Structures are given as structure tokens and as C-alpha cells.
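One structure below.
Protein chains in written order, with UniProt numbering: chain L, 1 to 156; chain R, 1 to 940.
This is the structure we're talking about:
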């Protein structure tokens with residue numbers, strides 16, 4: 001049994017990994033409510049561009065955030081197989097629309113490295129750091145910062 | 001917080017509210033022993049419970065109040081002063097309760113002053129002779145008769161007396177576990193405690209009753225009966241000998257108590273949060289049910305059909321049931337008013353009667369909470385500002401007592417609340433002064449405002465005309481707060497005021513906020529909900545149907561019952577694009593009303609109306625003013641709820657007048673001179689305008705189709721040749737493309753006025769600032785902040801038809817002489833040609849006095865008089881009356897021109913002597929009216 005598999009209180013953190021575009025991202029599992037396949041998303045006219053719309057998740061209205069838009073990634077045609085990660089902030093439910101969901105990783109907190117200084121501004125503003133995994137990098141998303149776009153829009 | 005304490009707080013708060021009301025009633029009807037009993041009982045219960053819970057401050061105040069009330073019960077006269085002191089002590093109790101709720105223990109404080117006051121009153125009462133109030137205490141025999149009627153109530157007091165007389169040890173020995181409390185305050189606390197004890201244990205009650213033989217002989221027997229019934233009540237112990245002999249008290253009382261208990265059991269206290277949660281869950285259930293139904297509909301012949309139908313019905317009933325639990329009578333919001341009015345009438349030295357009707361009208365508790373304060377404020381206002389003092393009322397020849405009428409009733413899914421007073425009405429001059437000093441309007445602007453417009457200033461923030469800040473009103477919390485609160489719940493407030501007669505405020509609010517009826521519409525492939533509240537009607541528009549969407553430049557409009565309705569497309573408003581664009585001009589127009597303004601929202605399709613559960617929007621979406629919330633439809637999809645207020649403000653420039661418009665004031669339509677203008681460019685630097693109502697149609701014509709014959713331009717239009725006139729020489733003669741024209745029609749003939757560009761339709765007040773020397777221009781007016789030349793249509797009409805006037809003359813060979821009175825130069829200029837065109841010889845005057853002077857001096861021999869109604873100095877009604885007084889004018893018909901035609905105004909006109917009443921812009925109507933009076937005269 002490697003150390004990674006054992007939960008060491010504060011020293012380790014579990015992440016739900018997701019693919020958005022070509023990149024692997026990690027979301028702290030403590031903030032993830034559920035993962036679901038968004039059914040029909042109702043677009044909301046005049047909303048900020050990151051907002052994909054609103055949807056009904058088991059009787060609750062969830063605001064869907066298009067993570068590709070949030071990260072300035074190109075849109076894909078045919079969103080049929082897209083997934084959503086349900087998170088909550090200040091009592092409101094959000095669904096982060098991502099491409100696909102991967103495994104859950106348990107990673108040591110001290111292995112988290114700060115964002116490279118030349119990281120894209122927009123990405124840097126939502127990223128809490130980077131893990132070097134075998135063969136690829138895992139960018140950790142700070143959910144509160146990911147959801148901190150409405151204010152910008154309102155101020156603009 | 002301790003459960004017991006919480007229950008005490010809620011219960012006591014309710015009791016205190018009742019006491020407030022009852023005391024006010026009692027003061028007016030001091031001989032009503034029943035009211036007194038009720039108050040006494042409530043105060044007594046409060047005192048008892050306070051003692052039980054260990055709240056000495058409250059207890060001592062309640063005790064002193066009870067003592068004073070006891071004096072009243074003993075037949076001492078009730079003075080207004082004494083009632084005031086009791087009310088003050090009730091206020092103090094409320095205050096302590098408020099702190100108690102926060103601190104969870106009784107706050108420190110000093111109540112000696114108020115207690116001393118109460119005691120002083122008691123002493124005064126002692127010194128006074130008794131009055132006959134049929135008080136039960138005074139006549140023991142009657143008490144016995146009364147007791148079977150209200151056994152549960154009276155017996156308590158009686159019991160208290162019995163206990164006071166009974167040595168405390170007896171009780172102590174009977175119930176040892178309660179002894180500590182009881183020895184401390186034997187006479188007082190034991191009662192309530194005992195009552196509770198009685199209810200709980202039957203054995204003990206008998207034990208308690210037993211040690212009393214010396215005082216109440218038949219008690220053992222009564223107690224035995226009670227035991228047999230296994231329903232012990234405190235009453236048997238109280239059963240005094242005569243009562244026992246007369247009316248089988250044990251049995252009756254026991255029964256009475258059971259009834260009492262069962263009434264209590266019929267209602268329980270439920271935490272509001274629990275209800276809210278229940279409501280949410282039911283909403284979810286409704287949505288799930290709808291989803292299931294949808295699925296079932298798609299799969300024919302499945303086994304679920306029948307049970308699903310059942311589920312559906314049950315869900316529906318459940319929803320209704322839960323909704324009902326949220327409904328509360330509006331009277332709950334009024335409870336405090338009698339007390340407030342009573343205090344006010346003393347403070348202000350006015351005699352005020354509060355007349356409340358419709359208190360049982362129910363509405364959602366959420367709405368109720370929100371209107372409570374506004375209502376209270378408005379009633380205060382009516383009492384303070386509205387009603388006059390006794391002297392003033394007497395001087396004005398009114399009855400001394402001013403009335404404030406509060407009524408509530410249902411009207412089409414809304415609750416209407418009216419607050420009417422018969423006071424002095426709003427002080428227009430004071431409001432105007434204040435509005436000017438507050439910088440809301442300039443002095444010159446204020447002069448032009450109608451009374452109704454001035455009234456509306458009271459809704460402006462920080463507006464109070466009360467010269468001094470009184471205890472009652474004028475504390476800066478004004479009508480603006482009232483209006484804001486009412487706006488918040490989607491309601492409207494309306495105001496009518498008649499000087500010297502009083503003011504009426506009408507509030508219209510929706511029944512509930514949680515579930516609203518909404519129209520589900522489609523725009524660009526998406527569905528939206530529009531709250532039914534704002535929707536007036538639905539019009540189907542098509543290019544060849546009855547209703548057609550027309551465009552003025554790029555502004556779409558719809559002709560609806562002789563009015564132009566500005567339109568806005570939901571699609572363009574929301575910036576959404578359809579995958580396949582719908583045919584232009586096809587669609588539905590949702591005619592919407594916000595405040596007093598009507599407009600049409602153009603949508604592609606309309607589905608149905610649905611009861612939707614309004615859910616608040618995410619914070620991320622709240623900055624979008626176009627939506628007020630979102631909801632989940634029966635098919636499970638989420639849709640946005642359109643906010644009509646947001647749309648109204650999106651009408652751009654028109655939004656400036658928003659504040660005026662918001663206050664729905666029907667009177668405004670009558671009194672306001674606001675006119676819709678069609679603004680266009682036609683050479684020159686200044687934009688030009690004509691009243692929209694004069695324009696029949698707007699067309700873009702292909703210049704290639706313009707034909708020139710006999711020095712004039714013509715175009716084939718609707719099967720006839722229509723002459724075209726260029727507004728002036730500067731209007732561009734285009735050689736290709738299209739040129740906009742305004743079509744004016746009169747009867748069968750039409751004329752096209754060629755312009756450069758149509759700019760806009762705006763609504764503004766008509767005020768010619770500079771009259772013009774140029775032919776064809778009436779003068780210059782400021783429209784939406786721009787100097788705009790108003791076109792004289794009358795100038796152009798004869799240019800194309802030389803016989804435009806003449807032809808009419810042929811029909812009426814001897815031109816009739818017409819006297820035309822109107823203070824507005826615009827109307828004089830506009831209507832004179834029209835009247836001339838109709839074959840009249842017109843003499844126009846700008847004031848009624850001038851006209852009257854003319855008709856008085858000589859024999860002008862007018863055949864008919866047309867007069868404006870609203871004129872300064874001497875108005876149309878007075879003018880008509882004056883004409884009636886003139887010998888030579890008595891038989892001359894008079895036609896009134898008014899900007900509005902309410903039945904009341906028409907009636908007034910008829911009495912004043914007008915033959916007919918025509919709307920100002922209704923030219924056809926005026927001509928018809930003239931013809932009719934003419935033929936009428938000939939026949940006569």
C-alpha cells in the first residue's frame with residue numbers, strides 16, 4: 001500500500017478529475033455534490049457568456065456554467081455527451097459543464113505546485129496549483145474562483 | 001429558547017393584540033360586561049403565566065392592570081384616562097416581551113411609575129360610585145345563571161375567589177409537588193397551575209377539592225360526579241352552592257370544558273418554516289406529477305394511467321390544501337389599527353371612526369407581512385394629514401367625526417384594499433411647493449401639471465408635507481416606502497383625491513407570490529413565462545389579418561382599437577436569434593400593462609397559461625433586468641419568467657416618464673394633455689411632428705410609382721389616385737428607392753405628405769412655445785427635449801384638393817356659423833381647418849370669457865358652439881351654463897371637446913347643457929356630432 005492510498009488527514013486531498021478540452025483538471029471532492037448528465041439546458045438570454053443556461057436537476061434549478069467558455073477554450077459541436085459536476089456556493093446550485101469525468105485521485109497536499117508564472121491569465125485566476133502526474137499535468141480548480149465571474153460581468 | 005417560554009411569548013403576543021382591540025371597544029361601550037370579562041380573563045392569564053414562569057416585572061404590571069380592571073368589573077365607571085393607562089401598561093408589557101424574546105430572560109427595568117399610575121387609577125375608581133354594568137360580581141344570583149352559559153370562563157374567576165378564601169395549607173397538602181410555587185403566591189398562581197393540574201390528573205383534582213368542605217359544601221358531590229365522568233374540570237371546585245343546586249354544574253361544566261379543549265385541539269401551532277418547507281415539497285411534487293403525466297401521455301395504453309390519474313388528483317388537492325395553510329385573513333394586518341386610531345384621535349384631538357370591512361379576505365401570509373406596515377402607515381397618514389380637527393370639520397359643515405374606511409375584497413385574482421377618508425383631501429398647493437423646493441420639478445413645470453400629477457409627488461422619496469415632524473407621521477418614512485413595498489410584491493397603488501371631500505388610496509396586490517399564473521410564450525425557439533398579472537390581452541398579428549404589425553422607421557407598432565400600441569419584440573429585446581427566422585409581421589402580441597403604460601410584446605407563439613412556482617434566480621443572473629425569476633414547467637424544463645417592469649424600462653427614452661407612469665392614476669388620462677406625436681424629418685434643421693392621431697397611415701412608397709400629372713404628384717394607392725404633397729421645397733425628391741409618406745384621410749379622400757425620414761413616435765405634453773409665421777407650421781414645441789416644429793395639417797389639405805372645403809359647402813349650401821372656444825392654440829389651429837372643411841364658418845376664441853363677451857355683444861347668430869372643457873379661468877362647463885343663461889343662445893347646441901370622456905364627466909356636461917361630448921382628437925366624431933345636432937335642429 002502506497003502512502004497515496006491512505007488518507008492522512010490534512011496532508012492529502014481527494015480530487016475528482018475531469019477533462020475540459022485537452023486538459024485534465026482536478027476539483028476538490030469535498031465541494032463536488034454529484035456528477036450528472038445535463039438533460040436539457042435552457043439558455044438564458046443576456047446572461048454572461050460563461051453561463052450555459054439553467055437546468056432542472058431533481059426539481060432544483062441549477063445554473064450551468066460552460067467550463068470551456070470559462071477557460072476560453074473553443075466550443076465543440078454536438079454537446080450530446082457532455083457531463084456536469086454539481087457544486088454549491090452560497091446556497092445556490094451550479095453545474096460545471098465539462099467534457100468527461102475521470103477517476104478520483106488522492107494526492108498529497110505538499111506535492112501541489114504553484115501555477116507557472118506564464119500560465120494564461122484566465123486560467124491562473126481560477127487555478128489553485130498544478131500536480132505533476134505521470135504523463136500529464138493536473139490543474140486544480142478553485143471552485144469559488146471558478147464561480148467568481150458574475151461579479152465581473154455585473155461590474156462591466 | 002425554552003419551548004415553554006416561546007409558547008408563552010406567542011400566546012401572550014396574541015392575547016395582547018386582542019386586549020388592544022377589546023379595550024378600545026370597551027372604552028366606547030363601557031357597559032358591556034362581556035368585553036370586560038374577556039379583557040380581564042386575558043390579563044389574568046398573562047399575569048398567572050408570568051408568575052408561573054418567574055417573570056416578576058411582567059407579573060407586577062399585569063397585576064396592577066388587573067386590579068384596575070377588577071375595579072371596572074366591580075362596577076366603577078370607566079374613564080378614558082384609565083383606559084389609556086391600561087393601554088400604556090399593555091405597551092410596556094409588549095416592550096418587555098420584545099426584550100424577553102431577544103434576551104431569553106426578563107430585562108432589567110423599572111416599572112414603578114406605571115404601576116403607581118395604575119394604582120392611582122384604581123384609587124380614583126374606588127372613590128367613584130358604582131355604575132350598573134350588570135356585573136356578575138355584583139349579583140351572585142345572576143352569576144349562577146351566567147355560569148352554565150360560559151362555564152369554562154367564569155368558573156375560573158370564581159375559583160380564584162374560592163381559593164383566596166381558602167387557607168393555603170389545604171392546597172399545599174393536596175398537591176405537595178406544586179407546593180413551593182403555591183406557597184409563594186397562593187392566591188394568584190395556583191389558579192393556572194391548578195387548571196393545568198386538573199386537566200392532567202383526575203385523581204389530584206379530587207384530592208384538591210376534598211379539603212374544602214367548610215367553604216363549599218356540595219363540592220365532594222361535584223367532585224364525585226367529575227370522577228365518574230373521568231373528565232375533571234376546575235369548575236366543580238368552584239361550584240358555589242346555589243349553582244350546584246340550580247344547574248347541575250359538574251356535568252355542564254365538564255361538558256363545557258370538553259368543548260373548550262376540543263376547540264383548542266382543532267388548531268395547532270406550526271412553525272412557519274415547516275409550512276414553507278411543506279410548500280416547497282408540494283411544489284416539487286406538483287412538478288414531478290406533471291412530468292409523470294407527460295410521460296404517460298406519450299406511452300399509450302400503459303398500466304400507470306389510472307393510478308397516475310389518482311395521484312394527479314391527490315396532488316392537486318394537496319397543493320390546494322397547503323396553499324390554504326398559507327392563507328390568512330387580511331384582518332390580521334388590521335388588528336393593531338383600532339388601537340392606533342384611538343391613540344391618534346387623542347393625540348391629534350380629532351374624532352375618528354375607523355370602519356373596516358372585508359377583514360376576512362384571505363391572502364398569502366408572505367404578502368400579508370409585506371403590506372402590514374404600508375397599511376398601518378397609510379391609515380396613520382389618513383388620520384394625521386387627511387382628517388381635519390373637530391373645529392375645522394365643523395367649520396366646513398361636516399360631521400365632527402371623521403371616518404377612515406378600510407376595505408378589502410377580491411377582484412380577479414387580486415386583492416383590492418381601499419383606504420378612504422372623508423377629510424380635506426390632498427393639499428395640492430403644499431405638495432407643489434414641496435415638489436419645487438425638493439427640486440423634483442421647476443416652478444414653471446409645476447404650473448403646467450395636472451392635479452393628479454401633483455398628487456403623485458407624494459410617492460417621491462423623502463417627500464412629506466407635514467410641516468412639523470409629529471409623533472404620528474412626517475418621520476421621513478413616507479409614501480415612497482409604501483410604494484416600494486407594494487411594488488415589491490407586484491402590486492400597484494392608486495390615488496384619488498377631492499379637495500374638501502377626502503382621499504382614496506387603492507392598493508391592488510396579487511393573492512400570492514409563490515405561485516402565479518403565467519402565460520407561456522415562445523420566442524426564437526425558447527419558451528418564456530409572462531406573469532398573467534401584467535397581461536391585458538393577446539392579439540394575433542398577421543400581414544393580411546385584422547391586426548397588422550406596422551413599422552415606423554424601425555419601430556414596430558400595432559393599431560389596436562384606434563390607438564397605436566408600441567411594440568417590442570421579445571426576440572430582439574433579449575438578443576436571441578431564431579434558427580429559422582419567422583415571417584416578418586407574423587406573431588402574437590401580448591398586450592401588457594405596467595403602471596399606466598401599455599405596450600405589446602411580440603412573441604412567435606403562445607402556448608397556454610400555467611400556474612407556475614416562482615423560484616428565485618441564481619445570483620449570477622440577477623443582474624438581468626428582463627427576468628424576475630425562473631420556474632420548472634410540467635415537462636421538467638426550466639424557463640425564465642419575464643419581468644414586465646424590466647421590459648417597460650427597456651423602452652428606452654420612454655423610460656424617462658417611468659416615474660409618472662408607475663403610479664397608476666386613471667384620472668391622469670383625463671387631465672393630462674400628453675399627446676402622441678409622430679416625429680419626422682422634412683428638410684430644415686429641426687425635426688417636425690404631427691399629432692399621431694391625425695395620421696391615418698404611414699407608407700413607404702416606391703418613387704418609381706409616383707406619377708406626375710397636371711403639375712402635381714400622384715400615386716396609386718388602394719385603388720385610387722392619391723395626391724402627394726411635399727412638406728416643403730427642401731424635402732428631398734428621391735429618384736430611386738422608397739420615400740416615406742404620411743397618409744391623411746378624410747372620408748373617402750386621402751392625401752400623402754412626403755417627408756424625408758420618419759424618426760419616432762413619442763409622447764409628450766403639447767405646448768406651443770413659439771408660434772410660427774411660416775405657412776404650414778403651427779409653431780415650435782419642445783418634444784423630448786428637442787425643439788420640434790408642429791406641422792399644420794390644415795394647411796396642406798386644401799393644397800391638393802381645391803375643393804377639400806368647397807365640396808362640403810355644396811352639401812350645406814348656407815354655411816353655418818360656428819363658435820369655437822379652446823385655450824390651446826394648437827387645437828384652434830388644428831381643428832379650425834377641419835371645421836371649415838366640414839362647411840362651417842368658424843370663429844375661434846382662446847378663452848371662454850372672450851367668447852362669451854362676443855356672443856353677448858352682438859347678434860352673431862351662431863348656429864353651433866364647440867367648446868373645450870378644460871380651460872383656465874372659466875371652464876367649459878361654466879361656459880355652457882353661462883350660454884344657457886343667454887336668451888339668444890339658449891337654443892344653440894353646444895358640443896364639448898374633452899381629452900377624456902368618463903361617464904361622470906359626460907353626465908356633468910349634460911347637466912351643464914352640452915348637447916354632445918366628443919373626444920378631442922376624434923375628428924370624425926366631432927363632424928358626426930355636428931351633423932347630428934344640425935339635423936336635430938332642422939327637425940326641431
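Yeah, the Cβ is synthetic: ideal placement off N, Cα and C, and Gly gets one too. These numbers were taken from a predicted model, which means no experiment stands behind them.
From residue 327(R) to residue 363(R), what does the alpha carbon distance come to, in whole angstroms?
Spanning the two alpha carbons is a distance of roughly 5 Å.
Taking only three categories from DSSP, how would you classify residue 335(R)?
Correct three-state label for residue 335(R): coil.
Does chain L have any CB closer than 7 Å to the CB of residue 969(R)?
Within the shown structure, residues of chain R are numbered from 1 to 940, placing residue 969(R) beyond reach of any answer.
Going by C-alpha distance, which of 66(R), 849(R) and 754(R) is nearest residue 871(R)?
Per the Cα distances, 849(R).
Helix, strand or coil: how does DSSP classify residue 102(L) here?
Residue 102(L) falls in the strand class under three-state DSSP.
Relative to the C-alpha of residue 945(R), which candidate in 702(R), 719(R) and 718(R) has its C-alpha closest?
The question about residue 945(R) has no answer, for chain R in this structure spans 1 to 940.
Taking buried to mean at least 16 other C-beta atoms within 10 Å of its own C-beta, is residue 721(R) buried or exposed?
Exposed, by the Cβ-count rule.
Could you tell me if residue 378(R) is buried or exposed, where buried requires 16 or more neighbouring beta carbons within 10 angstroms of its beta carbon?
It counts as buried.
Beta-carbon of residue 88(L) versus every beta-carbon of chain R: anything under 7 Å?
For residue 88(L), the answer is no, since every Cβ of chain R falls outside 7 Å of its Cβ.
Quick one: measure Cβ to Cβ for residue 53(R) and residue 4(R), integer angstroms, because I've assumed they're closer than 8 Å.
With a Cβ gap of about 7 Å, residue 53(R) and residue 4(R) count as contacting.
Helix or strand or just coil, what does DSSP make of residue 125(R)?
Helix, per DSSP.
Is residue 638(R) closer than 7 Å to residue 157(L) when the C-beta atoms are compared?
Here chain L comprises residues numbered 1 to 156, so residue 157(L) is not present and cannot be evaluated.
Residue 618(R) versus chain L: which residues are under 7 Å apart at the beta carbon?
In chain order: 63 and 92.
Could you spell out where the beta strand (DSSP E) holding residue 527(R) opens and where it closes?
Its beta strand (DSSP E) spans residues 526-531.
Spatial neighbours of residue 738(R) within its chain, please: CB distance less than 8 Å, with the 5 preceding and 5 following residues excluded, ordered by chain position.
Result list for residue 738(R): 700, 701, 702 and 703, in chain order.
Which partner residues does residue 627(R) have in the DSSP bridge list?
Looking at the DSSP assignment, residue 627(R) forms a beta bridge with 642(R).
Of all the options 926(R), 892(R) and 707(R), which has the alpha carbon lying nearest to the alpha carbon of residue 832(R)?
The option with the nearest alpha carbon to residue 832(R) is 926(R).
Among 96(R), 72(R) and 114(R), whose alpha-carbon lies nearest the alpha-carbon of residue 125(R)?
Ranking 96(R), 72(R) and 114(R) by Cα distance to residue 125(R) puts 72(R) first.
With a 10 Å radius around its C-beta and 16 neighbouring C-beta atoms as the bar for buried, classify residue 498(R) as buried or exposed.
Flag for residue 498(R) reads exposed.
Beta-carbon within less than 6 Å of residue 760(R)'s beta-carbon, same chain only, minus the 5 sequence neighbours each way: which residues are those?
Only 679 meet the Cβ criterion.
Does residue 396(R) come out as helix, strand or coil in the three-state DSSP assignment?
It is coil, neither helix nor strand.
Using a Cβ-Cβ distance cut-off of 7 Å, determine whether residue 115(L) contacts chain R.
Closer than 7 Å: no.
Could you check what DSSP says for residue 8(R) in three-state terms: helix, strand or coil?
In this structure, residue 8(R) counts as helix in the three-state DSSP scheme.
Residue 730(R) by DSSP, collapsed to three states: which one?
The answer is coil: DSSP assigns residue 730(R) none of H, G, I, E or B.
Given that a residue counts as buried once 16 or more other Cβ atoms are within 10 Å of its Cβ, and exposed if not, what is residue 29(L)?
It counts as exposed.
Below 6 Å CB to CB, which residues in the same chain sit around residue 840(R) once its five sequence neighbours on both sides are set aside?
Closer than 6 Å at the Cβ level, and outside the excluded window around residue 840(R), lie 816 and 818.
Between residue 806(R) and the rest of its own chain, which residues show a CB-CB distance below 7 Å, the 5 nearest in sequence each way excluded?
Because residue 806(R) sits at a pLDDT of 45, beneath the cut-off of 50, its placement in the model cannot be relied upon, and the point is left open.
For chain L, check one thing: does any of its Cβ atoms lie closer than 7 Å to the Cβ of residue 443(R)?
No, its Cβ sits nowhere closer than 7 Å to a Cβ of chain L.
Do we get a CB-CB distance below 7 Å when we pair residue 47(L) with the residues of chain R?
Yes, because at least one Cβ of chain R sits closer than 7 Å to the Cβ of residue 47(L).
Buried or exposed for residue 110(L), going by 16 or more other Cβ atoms inside 10 Å?
Classification for residue 110(L): exposed.
Taking 7 Å as the CB-CB cut-off, is residue 106(L) touching chain R?
No, its Cβ sits nowhere closer than 7 Å to a Cβ of chain R.
Using the Cα positions of residue 589(R) and residue 751(R), report the straight-line distance between them to the nearest angstrom.
Going by the C-alpha atoms only, they are around 30 Å apart.
Contact defined as beta carbons within less than 8 Å: I believe residue 698(R) pairs with residue 742(R). What is the distance between those atoms, to the nearest angstrom?
So it is a contact: roughly 6 Å between Cβ atoms.
Would you say residue 126(L) reaches chain R, if we count a Cβ-Cβ gap shorter than 7 Å as a contact?
Taking Cβ atoms only, chain R never reaches closer than 7 Å to residue 126(L), which makes this a no.
For chain L, find out if any of its Cβ atoms is closer than 7 Å to the Cβ of residue 909(R); answer yes or no.
No, no contact with chain L.
For residue 292(R) and chain L, any beta-carbon pair shorter than 7 Å?
Answer no: the Cβ-Cβ gap between residue 292(R) and chain L never drops below 7 Å.
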